[in-house]
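Working notes, structure below.
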Amino acid sequence: MLIDDIKALKAAKQAIILAHYYQDPDVQDIADFVGDSLELSKIAATTDAKMIVFCGVNFMAETAKILSPDKKVLLPVENAQCPMALMINAKKLAEYKAAHPERKIICYVNSYADVKALSDVCVTSSNAEKIVSHYQNEKILYIPDKNLGTYLKDKYHWDIETWPGYCSIHNNLKPDDVLVQKALHPNALVLIHPEAPLAVLKLADYIGSTKGIIEYAKRSPNREFIIGTEKGILHPLKKANPDKTFYLLNEGLSCADMKMTHLDDVYRCLKNETFEITLPEKILEKASLSLKRMLEMSS
Ligand code: 13P
Ligand code: SF4
């Protein structure tokens with residue numbers, strides 16, 4: 003059986019499987035660790051496994067490679083990539099930096115290594131508020147997610163310019179989605195990821211990363227929740243809270259790239275040791291500075 007074969011190969015190769023909360027339920031269930039971007043990067047930085055199989059999108063596997071450069075890091079599906087990470091590139095960022103040398107570059111982890119290499123510090127949705135607060139007296143460029151940058155700017159009035167990137171899944175959410183779901187489920191609390199537009203976030207009862215949403219739902223005495231993030235999160239939410247009910251804010255909350263990875267891809271990945279993440283040494287070294295600064299600041 004495929005699951006047994008995956009387990010056998012994993013043991014033989016001293017590998018661990020990491021999966022993001024947005025992966026399909028069966029992929030989450032064979033993983034050693036399921037988590038959000040921050041948790042998975044912490045595990046990648048500290049694991050003593052020889053090989054990391056990253057079920058997610060390629061910036062996540064790159065991040066694991068940067069934090070664990072001596073390990074073999076594999077992505078089961080070569081072209082699983084985050085469209086937001088493609089909305090900025092190193093050339094454009096270098097041009098911006100030359101024109102605005104005074105701005106600190108705060109880089110969402112949903113970005114490629116060469117962009118991280120040009121940044122002062124990385125953040126994830128779990129630690130962005132905490133880390134950006136360290137720079138609150140500075141001029142900031144927040145890349146590449148305009149929505150998360152705008153949310154922080156609106157909340158704290160810090161001097162933040164935003165790059166015009168976005169997650170097409172979350173950016174598609176509309177205030178009407180909240181109003182419609184609230185009308186259908188008046189007792190439900192609304193929990194939304196900060197990659198959503200500000201007008202939608204203003205209607206939320208809680209704003210937070212995938213991990214934050216899971217923890218909020220677990221500790222809340224409420225029984226019903228409307229969830230404003232990718233539908234993969236429903237699996238850990240339901241597992242941890244069998245007595246609570248979750249409604250998706252909008253049926254379009256499915257990330258095609260996160261859904262590319264299937265169990266047979268994980269099997270082939272372990273068997274053939276593909277697709278291996280490699281990075282030029284200089285880029286890896288520079289990108290690791292901004293990621294390690296993030297881990298120091300969020301610990
Ligand atoms: P978190 O994992 O930080 O919640 O971010 C979600 C995301 O954008 C993954 O693609
Ligand atoms: Fe990128 Fe959005 Fe998909 Fe996450 S959910 S990988 S941010 S497109």
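Quick note: the sequence shown uses our numbering, first residue 3, plus one each step.
Each residue gets a CB set at the ideal place from its N, CA and C atoms; glycine is no exception.
Touch check for the stretch 239-246 and the stretch 198-210: three-plus C-beta pairs under 8 angstroms?
Contact between the stretch 239-246 and the stretch 198-210 is absent: fewer than 3 CB-CB pairs across the two stretches fall below 8 angstroms.
Run the proximity test for L40: is its beta-carbon closer than 7 angstroms to any non-hydrogen atom belonging to ligand 1?
Taking non-hydrogen atoms of ligand 1 into account, the C-beta of L40 is found less than 7 angstroms away from one of them.
Ligand 1 heavy atom lying under 7 angstroms from the CB of T48:
No - ligand 1 has no heavy atom lying nearer than 7 angstroms to the Cβ of T48.
In whole angstroms, what separates the C-alpha of A190 from that of N174?
Taking the straight line joining both Cα atoms gives about 21 angstroms.
For I133 and V302, believed in contact at Cβ under 8 angstroms, the rounded distance:
Coverage of the chain is limited to positions 3 through 301, which leaves residue 302 absent and any answer about it impossible.
Per DSSP, which one or two residues make a beta bridge with K74?
Bridge partners of K74 according to DSSP: M53.
Is there contact here, the stretch 43-58 with the stretch 223-239, by at least three beta-carbon pairs under 8 angstroms?
As far as the Cβ criterion goes, the stretch 43-58 does not touch the stretch 223-239, which means the pair count is below three.
Proximity test, V59 beta-carbon vs ligand 2 heavy atom, cut-off 7 angstroms
Yes, the beta carbon of V59 sits closer than 7 angstroms to at least one heavy atom of ligand 2.
Rounded to whole angstroms, what is the Cα-Cα separation between A242 and D266?
Using only the alpha carbons, I get a separation of about 27 angstroms.
So L77 and A63 are supposed to be a Cβ contact under 8 angstroms. How far apart are they, rounded?
Indeed, because the Cβ distance is near 4 angstroms, the residues count as touching under 8 angstroms.
Identify, in the order they occur along the chain, each residue of the same chain with its Cβ nearer than 7 angstroms to the Cβ of P199, setting aside the five sequence neighbours on each side.
Residues of the same chain with a CB within less than 7 angstroms of the CB of P199, apart from the 5 flanking positions on each side, are N149, N173 and L175 in chain order.
Helix, strand or coil for D147 per DSSP?
The three-state reading of DSSP puts D147 in strand, counting E and B together.
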